[in-house]
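Colleague:
Numbering (our numbering), first residue to last: -12 to 261.
#1: Identify every run of the alpha helix (DSSP H) within the region 11 to 80, keeping only runs that are complete inside it and at least 4 residues long; order them along the chain.
#2: Thinking C-alpha only, which one of 159, 151, 205, 110 is nearest residue 183?
#3: Within 8 Å, do at least three Cβ pairs link the region 142 to 149 to the region 189 to 202?
#4: Rounded C-beta distance between residue 214 and residue 11? I'm assuming under 8 Å.
#5: Could you tell me the distance, in whole angstroms, from the CA atom of residue 108 to the CA atom of residue 216?
#6: If we count the other Cβ atoms within 10 Å of its Cβ and call it buried at 16 or more, is residue 3 buried or exposed?
#7: Would DSSP call residue 261 helix, strand or coil?
#8: Taking DSSP as the reference, what is the three-state secondary structure of residue 174?
#9: Between the C-alpha atoms of residue 82 and residue 60, what's the straight-line distance to the nearest angstrom?
#10: What residues match up with residue 133 in a beta bridge as DSSP calls it?
#11: Going straight from the alpha carbon of residue 89 to that of residue 17, what length do you get?
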């Protein structure tokens, strides 16, 4: 495979890793970088290009597991976090949180894939999601009552899970929906982000796994190096993005990311107009 094609894999892994867990919509960025610029479908073919996107998502998922491995193990009782409460955050909270989006995702998967993955709908998702994030910052509690994962109740987990369903609209952003929803429900930004990232692992792994099974016959081992570079790139840059974001979110909140989303939507509108 030519070095320039491998550079494309590196770039797309970078985009996936840096945007998947930030509330800026990885879908919107992939449309600009891949569909409009690099156009991997031209040399990989449509099926193999879709498989590549699944592979790099798996790289991002692995990064969350690495960053939050202690919490992941504590969910199933394999690790005791220092100072953890007896009624601590557990696997039940995660299951309750992912059920709504999981159910709606399965029920409406075909409709979403066939009708909503267009630039116009992504623009709508970017703008509405940005407004939602600004509202969360402006009207969320000034002194959040929930400052650790162990303070989250099952009822709160369910409510955040219901809000996560908004992210099924391409461009809305899973992180944008759940962090905003968590903030409005009394979580501080860091705790809402922690819960978001932990919920992302099973729901993204499940969705990616099903997609990979469906597209198994599209895997072309001639493109193995392309897949590998993209996976490693996504993993490394997701590690950087997650660690940076978790340190940043309590300081800057969501509004700067919302402003960025509006700028991105404007760029997409401009591209459509020319």
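For glycine and all other residues, C-beta sits at the position ideal for the given N, C-alpha and C.
Modeller: Quick answer:
#1: Entirely contained in the region 11 to 80, the alpha helix (DSSP H) runs reaching 4 residues are, in chain order, 13 to 17, 28 to 31, 33 to 54, 56 to 62.
#2: As a working note, residue 183 is residue 196 in the chain shown. Proximity to residue 183 across 159, 151, 205, 110 peaks at 151, based on C-alpha coordinates.
#3: The region 189 to 202 is not in contact with the region 142 to 149.
#4: The sequence position of residue 214 within the chain shown is 227, counting from 1. The sequence position of residue 11 within the chain shown is 24, counting from 1. About 25 Å; that fails the 8 Å criterion.
#5: Sequence index remark: in the chain shown, residue 108 carries index 121 (1-based). Sequence index remark: in the chain shown, residue 216 carries index 229 (1-based). If you draw a straight line from the Cα of residue 108 to the Cα of residue 216, it comes to about 30 Å.
#6: The residue given as residue 3 occupies position 16 in the chain shown. Residue burial annotation: residue 3 is buried, with at least 16 other C-beta atoms found within 10 angstroms of its C-beta.
#7: Here residue 261 is taken as the residue at index 274 of the chain shown, counted from 1. Under the three-state reduction of DSSP, residue 261 is assigned to coil, being neither helix nor strand.
#8: Translated into the one-based positions of the chain shown, residue 174 becomes position 187. Correct three-state label for residue 174: strand.
#9: As a working mapping, residue 82 is identified with position 95 in the chain shown. As a working mapping, residue 60 is identified with position 73 in the chain shown. Roughly 15 Å separates the two Cα atoms.
#10: Position 146 of the chain shown, counting from 1, holds the residue named residue 133. Bridge partners of residue 133: 174.
#11: Numbered from its first residue, the chain shown carries residue 89 at position 102. Numbered from its first residue, the chain shown carries residue 17 at position 30. One C-alpha to the other measures close to 23 Å.
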